[in-house]
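A.B. asks: Residue numbers (my numbering): 2 to 436.
Ideal Cβ placement from N, Cα and C applies to all residues, glycine included.
Here's a structure for you.
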């Protein structure tokens, strides 16, 4: 049972971390055994079918590879496939991580924001700590389909991977879930777990006998995003975080080689990052009367509901032209965003210019930092895509593509049939796959 102090800690860390997972207390026991050494015995090739490892580096822009601190990622790029990938709108963490593993844009996947409401659950709010399957079960992530097909999966952190998708929260059960599907192996997110520990956990799974070794693994790193929020994308702190995660990727590659474990690595980001400051803030309470609305999310964009009976008063001010901000009724959001049909999307959307923020009121302190969530076509929002392994050609660069193509690619890699009705296909990869 979660205590009140646990909920307070989660809420505080979510506010501080911006878009990365909320903080959870340190694990009570070691998460994994030490990584294998170079002397670890490699298994015969026939027992080492390639594993597919989906790696997310939260907030990693493609141009971060040009800073001179990523020898491991650049080596994988030279020997594999690279692209500057377009995130889905809104270009924030939970919606895009769910899109990456469902092949559906946020408006169809059901995860339309890092914070959201649903008219079917009045008075309740989804946050990044929510694990009630109700919020997550409008779509099915690839590990659910894989598990049902007999393909073992494991997740070393991923938004939603701890959720029993398709299950139902039991009433008065202190969080117990009836039914649903999770990965065979999963970890509750814990920001205290280091990059080294995360990599070691994946390598531990690869040590297992073939019968219980996962064939699809996810691995998540959050430090680049956290540094980007704190200091901005051009900061020394981001460069240090980039170097650290590159070292973790290098340790993963080295550990897999020591085990003789072939792997198809698919390394992605959920979005990019743009520099912001207290000099670039639009205060909502200066363009509309606070008595006329309530907000759900604010930052690079704001989502709002009108107070009942105040719709006309709100629209008279909100929908006018504003410097550095554009607002729409839900029904009039531009079609290219593919956003606004889901009942979880609030009645109004206001989107700031890249580098600007829309906040409830004017800042009282100066700050510099970074944000994402802007127009998903903006160059600053582009996300890393890098693939390397026996399934991929070497030294190829693809044209930009939408991130809804990742789930179909993963299906190809683990042998699941194509799924009808997704928002993406594997078409971007047809010429760089080695069948």
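(1) Strictly by DSSP, which residues pair up with residue 358?
(2) So, is residue 364 buried or exposed, given that buried needs 16 or more other C-beta atoms within 10 angstroms?
(3) Report the residue ranges of all beta strand (DSSP E) runs contained in full by the stretch 371–412; include only those spanning at least 3 residues, in chain order.
(4) Could you give the first and the last residue of the continuous alpha helix (DSSP H) run that contains residue 198?
(5) Around the Cβ of residue 123, are there at least 16 other Cβ atoms within 10 angstroms (buried) or fewer (exposed)?
(6) Run through the DSSP bridge pairs and tell me what residue 136 is partnered with.
(7) Count the other CB atoms within 10 Å of the CB of residue 188; is the residue buried (16 or more) or exposed (fewer)?
(8) Between which residues of its own chain and residue 81 is the CB-CB distance below 6 Å, once the five residues before and five after are set aside?
(9) I need the straight-line Cα distance from residue 84 to residue 381, nearest angstrom please.
(10) Kindly confirm or deny that the stretch 359–379 and the stretch 242–261 touch, where touching means at least three C-beta pairs closer than 8 Å.
(11) Comparing alpha-carbon positions, which option in 267, 311, 320 and 299 lies nearest residue 288?
(12) Going by other Cβ atoms of all chains shown within 10 Å of its Cβ, with 16 needed for buried, is residue 410 buried or exposed?
(13) DSSP three-state label for residue 154, please.
(14) Name the residue from 233, 274 and 221 whose alpha carbon lies nearest to the alpha carbon of residue 375.
(15) Take the Cβ of residue 211 as the centre, count every other Cβ of all protein chains shown within 10 Å, and call the residue buried at 16 or more, exposed below.
(16) Does the separation of the CB atoms of residue 285 and residue 360 fall below 8 Å?
(17) Using CA atoms only, rank isn't needed, just tell me which of 63, 104 and 339 is closest to residue 427.
(18) Thinking C-alpha only, which one of 432, 56 and 325 is nearest residue 400?
(19) Should residue 230 be listed as close to the ligand HEM, given that the test is whether its C-beta is under 7 Å from any heavy atom?
(20) Identify, in the order they occur along the chain, each residue of the same chain with its Cβ nearer than 6 Å to the Cβ of residue 136, setting aside the five sequence neighbours on each side.
(21) For residue 1, which residues of its own chain have a beta-carbon under 6 Å away from its beta-carbon, when the five flanking residues on both sides are left out?
(22) Under the three-state reduction of DSSP, which class applies to residue 169: helix, strand or coil?
(23) In three-state terms, what does DSSP make of residue 97?
(24) Could you tell me which of 335, 186 and 118 sits nearest to residue 145, measuring between CA atoms?
(25) Under a three-way DSSP split, which group does residue 418 fall into?
(26) What's the C-alpha gap between residue 293 and residue 328?
(27) Return the first residue and the last residue of the alpha helix (DSSP H) that residue 224 is part of.
(28) Nearest-angstrom Cα distance between residue 228 and residue 337?
C.D. replies: For this structure:
(1) For residue 358, which the question treats as bridged, DSSP gives the partners 282.
(2) By the neighbour-count rule (16 or more Cβ atoms within 10 Å), residue 364 is not buried but exposed.
(3) If we require 3 residues or more, the beta strand (DSSP E) runs fully inside the stretch 371–412 come out as 384–389.
(4) 196–208 is the span of the alpha helix (DSSP H), which, as asked, contains residue 198.
(5) Residue 123 should be labelled exposed.
(6) Partner(s): none; residue 136 has no beta bridge.
(7) Buried, because 16 or more other Cβ atoms sit within 10 Å of the Cβ of residue 188.
(8) 388, 389 and 393, listed in sequence order.
(9) A straight-line Cα-Cα distance of about 14 Å links residue 84 and residue 381.
(10) Contact annotation: the stretch 359–379 does not touch the stretch 242–261, with fewer than three C-beta pairs closer than 8 Å.
(11) Nearest Cα to residue 288 within the set 267, 311, 320 and 299: 320.
(12) By the C-beta density criterion, residue 410 is buried, having at least 16 other C-beta atoms within 10 angstroms.
(13) Strand, per DSSP.
(14) Looking from the CA of residue 375, the closest CA among 233, 274 and 221 belongs to 274.
(15) With fewer than 16 other Cβ atoms from the protein chains shown falling within 10 Å of its own Cβ, residue 211 counts as exposed.
(16) Yes.
(17) Out of 63, 104 and 339, 104 has the C-alpha closest to the C-alpha of residue 427.
(18) Residue 400 has its Cα closest to that of 432, out of 432, 56 and 325.
(19) The ligand HEM is not among the ligands present in this structure, which contains no ligands whatsoever.
(20) The answer, listed in chain order, is 127.
(21) Since the displayed the chain opens at 2 and closes at 436, residue 1 lies outside it and no answer follows.
(22) In the structure shown, residue 169 sits in a strand (DSSP, three-state: E or B).
(23) Three-state result, residue 97: helix.
(24) Distance check between residue 145 and each of 335, 186 and 118 places 186 closest, using alpha-carbon atoms only.
(25) Residue 418 falls in the coil class under three-state DSSP.
(26) Roughly 15 Å between the two C-alpha positions.
(27) It spans 224–232 - the alpha helix (DSSP H) in which residue 224 sits, taken as one unbroken run.
(28) If I take the Cα positions, the gap works out to 30 Å.
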